[in-house]
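See structure below.
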Amino acid sequence: MTDETTTDPTPPDDGTADVTERLGYRLKRAAAALRGAMDGALREHGLTVPQYACLELLDQRPGLSNAELARGTFVTRQSMNVVLRGLQDAGLITRAPTADHGRALPAHLTEDGHRRLTAARTAVYAIDQQMTDAVPPKRLAALLADLNRMAETLGG
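In short: position in the sequence shown from 1, add 117, done, that's my numbering.
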């Protein structure tokens, strides 16, 4: 008699035993390809991916704090401090020297920041379009919904 509560540590041979056939591997591969393409395109504009993402967020929602920008760009607060210092040193953002309330120092794009973002955005959107064009139009909405559900399932 076997105990039905014990599980076989060997996964069933369902055609996914090869790690390169796993969903997570495929997502990571696509994310790495996207990051590589963005790194190359943004380098021509003197930006990194986190810097670009920060500029995009500040364009949409001026005055975000370090913590809000870190969450929105998927980096730590410490990393965002480095990103913000670099953008400020380059004259692309401004931050008040002291906080009006609490410890948050809201950030805003400068005119140079807006110009750099506009130029970089064209390159990034072209990469996004190239990736989007690889998906049949009739499947795109379902793919986007599936990606959202996957992220929500994992708490993201």
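Built from N, CA and C at the ideal position, the CB exists for glycine as well.
Check each candidate in Tyr169, Gly153 and Asp250 and name the one with the smallest Cα separation from glycine 203. Of the candidates Tyr169, Gly153 and Asp250, the one whose C-alpha sits nearest the C-alpha of glycine 203 is Tyr169.
Got a sec? Which residues, its chain only, sit under 8 angstroms from leucine 159 by beta carbon, not counting five neighbours each side? Sequence-distant Cβ neighbours of leucine 159 in its own chain, meaning closer than 8 angstroms and more than five residues away, are Thr165, Val166, Gln168, Tyr169, Ala237, Ala240 and Val241.
What is the C-beta distance between proline 214 and glycine 180, in whole angstroms, given that I count them as a contact (C-beta under 8 angstroms)? Not really, about 15 angstroms apart at Cβ, beyond 8 angstroms.
Quick check on the burial criterion: 16 or more other C-beta atoms within 10 angstroms. Buried or exposed for leucine 264? So leucine 264 ends up on the exposed side.
Please work out which residues of its chain come closer than 7 angstroms, Cβ to Cβ, to aspartate 125, disregarding the five sequence neighbours upstream and downstream, and give them in chain order. Summary for aspartate 125: the model assigns pLDDT 47, below 50, so the residue's position carries little reliability; its value from the coordinates is reported in the next sentence. When the five nearest sequence neighbours on each side are left out, no beta carbon in the same chain lies closer than 7 angstroms to the beta carbon of aspartate 125.
Do you know offhand how far alanine 259's Cα is from arginine 178's? Alanine 259 and arginine 178: Cα-Cα distance of roughly 28 angstroms.
Using three-state DSSP, classify threonine 122 as helix, strand or coil. Legend: pLDDT at threonine 122 = 46, less than 50; position of this residue unreliable, value from coordinates given subsequently. Looking at threonine 122 - three-state DSSP - the assignment turns out to be coil, as it is neither helix nor strand.
In the DSSP assignment, find the unbroken beta strand (DSSP E) run with arginine 212 in it and report its ends. Element bounds for arginine 212: 210 to 212.
Starting from leucine 201 and walking both ways along the alpha helix (DSSP H), at which residues does that stretch end? Residue range 194 to 206 is occupied by the alpha helix (DSSP H) that includes leucine 201.
Check whether the Cβ atoms of leucine 234 and glutamate 185 sit closer than 8 angstroms, and answer yes or no. No; because the gap between Cβ atoms is not below 8 angstroms, this pair is not in contact.
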